[in-house]
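Residue numbering for the sequence shown follows this note's numbering, beginning at 28 and increasing consecutively.
Following: one structure in structure tokens, then a few remarks.
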Amino acid sequence: MVRSILSSSTENVLEKALGASALRHKIISNNIANVNTPEFKRSSVLFEERLAEALNETKATPARTNPRHLAGHNGGGDFNPVIVTETTTSIRADGNNVDIDAEMASLAKNNIYYNAVAKELSRYFSNLKAAINEGRR
């Protein structure tokens with residue numbers, strides 16, 4: 028009950044963004060670990076694109092102002108990260124397509140992204156805590 032009261036779309040998006048970033052870290056680390064493995068194909072995580080699509084669907088859905096109105100599709104729910112393996116490219120003779128420089132840059136970018144999302148989630152919970160504490164006075 029309390030969970031449903033305190034849950035919000037902001038919290039949901041931030042939690043999924045943290046999860047996607049953690050998954051992306053694992054995938055990039057796997058790519059780096061297999062940089063010298065013949066025939067290895069790099070993988071990547073799609074999340075931001077799916078989130079943008081879900082948010083666009085939500086914006087396009089009109090609000091129901093009367094219970095007799097038809098319910099529209101409420102997008103925004105299915106934006107889980109997806110792992111994609113790039114099988115069509117090869118940058119070396121052994122069939123491997125991992126570029127170590129690109130992977131290291133992606134890892135650094137993902138680290139910055141994770142820290143920013145974690146900070147925003149922390150700020151969200153701090154604001155929630157402040158609202159609860161102010162309500163007690």
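By construction, the Cβ of each residue, glycine as well, lies at the ideal position given by its N, Cα and C atoms.
These figures come from a predicted structure and were not determined experimentally.
query: Is it the case that the CB of alanine 132 approaches a heavy atom of the ligand PLP more closely than 8 Å?
result: Ligands in the displayed structure: none, and consequently the ligand PLP is not present.
Check whether isoleucine 59 and glutamate 130 have beta carbons under 9 Å apart: yes
Spatially closest choice to valine 77 from Pro65, Asn61 and Pro108, by CA coordinates: Here residue 77 is arginine; the residue named in the question, valine, does not match the sequence. Measuring from the Cα of arginine 77, the nearest candidate turns out to be Pro108.
field: isoleucine 55 to threonine 115 span [Cα, whole Å]
entry: 18 Å
query: Distance, Cα to Cα, arginine 51 vs asparagine 124?
result: 17 Å
- request: Give a yes or no on whether the C-beta atoms belonging to isoleucine 127 and serine 71 are separated by under 9 Å.
  value: no
- prompt: How should leucine 41 be labelled, buried or exposed, when 16 other C-beta atoms within 10 angstroms of its C-beta is the threshold for buried?
  reply: buried
- prompt: Buried or exposed: where does phenylalanine 106 fall if 16 or more other Cβ atoms within 10 Å of its Cβ makes it buried?
  reply: buried
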